[in-house]
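See structure below.
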Amino acid sequence: MFELLRNSVYSNRVVTGMKEEEKMKQLLYKPQLLAGVSHEVRTQMNSIVAFSYLLNNSNFTEGEKREFSEQIITSCEQLIGLFENFFDTAILESGAAKEDTMETDAVRLFETLTSDFRVFMRKREKDHIVLIQEDNLPEKLMIRMDTSRTIRIMNNLFRNALGNTSSGFIKIGCTYSDEIITIYVKDSGQGFPISSHMLLSDNPEIQYSECQDTYSAMNLILARNLISTLGGKIRVENNDAGGTSVFVSLPVRECSGIEMITGTSSEKKIAI
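Add 47 to the 1-based position in the sequence shown for the working numbering, that's all there is to it.
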């Protein structure tokens, strides 16, 4: 397992000196985190093998076989997400990753992400959770930002909220003022202690021993590292519903030649 991770990480970056080499080793030689990743990989692979075997058993109904197929897809998605988070974290800690900013319609980006989250919840049959979009952005907001990393941050925070919420709500919101865009994810779940420790700690891997879910832990570790790389700030709070509210503020730049409306819109728009 260690050789697979080490070789995969090295294939995604160029070693540029002993300093980066030491940073990479610091991640690869974290026994608790590495053991958790290894255990999660074996668990998901065993799930894929088992349900694939059951698909070929004629004693099961077509409905049951569809459920087996969905379980296989879910396990594959978990594996892909786990590896992506681990490798991206390794690359960030190596210092080899570079910022990739681009001109982005923040309003459309936010709406698209929220739509994707709704689809994801329907696929997971999360009908007992209400997703609420709180739109505090102006009608048009063109900014330069690292779009791909911002999307990863929002995806990881959303999935963490979804994993911690058995019923109730998840609120997704975004505000903009003075070249600072702030995204937030609020939920009515029970994940505040681990979420706050993993996102606010200078060494989140130390908190990993308290978290039994390797997939969620890697989501939060990567989100924290991405926010730090982008020069952003994190705030984690308990909310009135007894759940967790995570606020992430990221510096961005208004696109030149376009007249912008800074500050938030005077009227909040909410979609459920």
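Idealized CB from N, CA, C, for every residue including glycine.
Predicted, not measured: the structure shown is a model, and the values here were computed from it.
1. Nearest to residue 88 by CA position, among 224, 151 and 262, is which residue?
2. Once you ignore the five residues that flank residue 280 on each side, which residues in its own chain have a CB closer than 6 Å to its CB?
3. Got a sec? Which residues, its chain only, sit under 7 Å from residue 249 by beta carbon, not counting five neighbours each side?
4. If the criterion is Cβ atoms closer than 8 Å, does the pair residue 221 and residue 184 meet it?
5. Give the single residue among 264, 153 and 168 whose Cα lies nearest to the Cα of residue 188.
6. Express the C-alpha separation of residue 234 and residue 202 in angstroms, rounding to a whole number.
7. My guess is that residue 216 and residue 285 are in contact by the Cβ rule of under 8 Å, so how many angstroms apart are they, rounded?
8. Verify whether the separation of the beta carbon atoms of residue 199 and residue 277 is less than 8 Å.
9. Are the beta-carbon atoms of residue 151 and residue 194 separated by less than 8 Å?
10. Beta-carbon separation of residue 210 and residue 291 under 8 Å?
11. So who's on the other strand from residue 298, going by DSSP bridges?
12. What span of residues does the alpha helix (DSSP H) with residue 163 cover, start to end?
13. Within 10 angstroms of its Cβ, does residue 243 collect 16 or more other Cβ (buried), or is it exposed?
14. With a threshold of 7 Å on Cβ separation, who are the neighbours of residue 226 within its own chain once the five nearest residues in sequence on each side are excluded?
15. Have a look at residue 99 and residue 247 and give me their C-alpha separation to the nearest angstrom.
16. Given this structure, state the Cα-to-Cα distance separating residue 136 from residue 106, to the nearest angstrom.
17. Is the beta carbon of residue 265 closer than 8 Å to that of residue 160?
18. With a threshold of 16 other CB atoms inside 10 Å of the CB of residue 182, please say whether the residue is buried or exposed.
19. According to DSSP, is residue 272 part of a helix, a strand, or is it coil?
20. State the CB to CB distance for the pair residue 148 and residue 92, rounded to an integer number of angstroms; the pair is presumed to be in contact (CB under 8 Å).
21. Where DSSP assigns a beta bridge to residue 323, which residues make up the other side?
Taking the geometry as given:
1. That would be 262, whose Cα lies nearest to the Cα of residue 88.
2. Counting only Cβ-Cβ distances below 6 Å, and skipping sequence neighbours, we find 296.
3. Excluding sequence neighbours, residue 249 sits near nothing in its chain.
4. Yes, these two residues count as a Cβ contact at 8 Å.
5. Of 264, 153 and 168, the residue nearest in Cα terms is 153.
6. Rounded to whole angstroms, residue 202 to residue 234 spans 14 Å at the Cα level.
7. The Cβ separation is near 15 Å, so there is no contact.
8. Taking 8 Å as the Cβ cut-off, residue 199 and residue 277 do not qualify as a contacting pair.
9. Yes, they are a contact pair.
10. No, the pair does not count as a contact, with Cβ atoms beyond the cut-off.
11. In DSSP, residue 298 forms a bridge with 227.
12. Residues 153 to 170.
13. Buried, by the Cβ-count rule.
14. For residue 226, the CB contacts under 7 Å within the same chain, skipping 5 residues up- and downstream, are 298, 299, 300 and 301 in chain order.
15. Spanning the alpha carbons of residue 99 and residue 247 requires a straight line of approximately 40 Å.
16. Near 44 Å, if we compare the C-alpha coordinates of residue 106 and residue 136.
17. No; because the gap between Cβ atoms is not below 8 Å, this pair is not in contact.
18. Around the beta-carbon of residue 182, 16 or more other beta-carbon atoms lie within 10 Å, marking it buried.
19. Three-state result, residue 272: helix.
20. Wrong, their Cβ atoms sit about 38 Å apart, outside the cutoff.
21. As displayed, the chain neither begins before 48 nor continues past 319, which places residue 323 out of reach and without an answer.
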